[in-house]
Ligand SMILES: Nc1ncnc2c1ncn2[C@@H]1O[C@H](COP(=O)(O)OP(=O)(O)O)[C@@H](O)[C@H]1O
Ligand SMILES: [Mg+2]
């Protein structure tokens, strides 16, 4: 086990976004999180990475990291991407990844080689000097992943990584995620609400609804349970199935 959430709760005022969550992440697995819009999926990432305060414990390598500062959590080895690419639009691909390397504490030694290695890994070498604002959505997502990888994470959190991509780009991106997992040995937690991709990608899947864990298990089994079918066919869930 590499990460453990123990009774994690997060409230926005009187509204409970995450309620007494308990789950473990195994080293080197691809763990999926799915559930309707507003279920609390992104909030889990925000609490794990220290951008929102929570209560309970988050054990990473057996140390409680809950409510540490985001850069401290990143330095320990947890990196994330966002659903909408968050880049410095007037900086080049290289410079964007350099910011990541800096945030992750890689700045001291062999910075240039880490940046180039990750640029190459996500297949962006040809775009090294291109400004982020001139990139396609796929390329922006590649930069965001390379930036996260440049922090040398043990765990990578991906928030709806394929949203907005066309079909062939989706295939490329799913392969990239698998390559990060297999070749770099990085544990992955991925939020995705399209079931066919979750089933393809993940070793285990957790369904979240109203800030609560509904079920965890092998994706194919989980998606066939009555409670999960009810959630996805319930009001507002039609476009998620
Ligand atoms: N900054 C915030 N202030 C108040 N409520 C928020 C904030 N961020 C998210 N929420 C609410 O918390 C719930 C969970 O949000 P989120 O984690 O973004 O859902 P998901 O990623 O599963 O779609 C939603 O009801 C959302 O409206
Ligand atoms: Mg979200």
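Residue numbers (the working numbering): -19 to 221.
Think of the CB as a built atom: it goes at the ideal place given N, C-alpha and C, for glycine as much as any other residue.
Taking just the CA atoms, how far does residue 180 sit from residue 155?
10 Å
Only counting the same chain, and skipping five residues up and downstream in sequence, which positions put a Cβ closer than 6 Å to that of residue 60?
25, 29 and 137
Taking 8 Å as the cut-off, does the region 53 to 67 touch the region -4 to 3 (at least 3 CB pairs, one atom from each stretch)?
no
Taking the runs of the beta strand (DSSP E) that are 3 residues or longer, which of them lie wholly in the region 103 to 130?
none
Contiguous alpha helix (DSSP H) assignments of at least 4 residues, all confined to the region 159 to 211
175 to 181 and 199 to 202
Strictly closer than 5 Å from CB to any heavy atom of ligand 1: give me those residues in the order they appear in the chain.
-8, -3, 17, 18, 19, 20, 21, 22 and 23
Out of 46, 124 and 172, which has the shortest C-alpha to C-alpha gap to residue 140?
172
Buried or exposed by the 16-neighbour rule on C-beta atoms within 10 Å, applied to residue 21
buried
Roughly how many angstroms lie between the CA atoms of residue -9 and residue -17, to the nearest whole one?
22 Å
Is it true that the region 91 to 107 meets the region 195 to 205, where meeting means three or more beta-carbon pairs spaced less than 8 Å apart?
no
In this structure, how does DSSP classify residue 36 when only helix, strand and coil are distinguished?
strand
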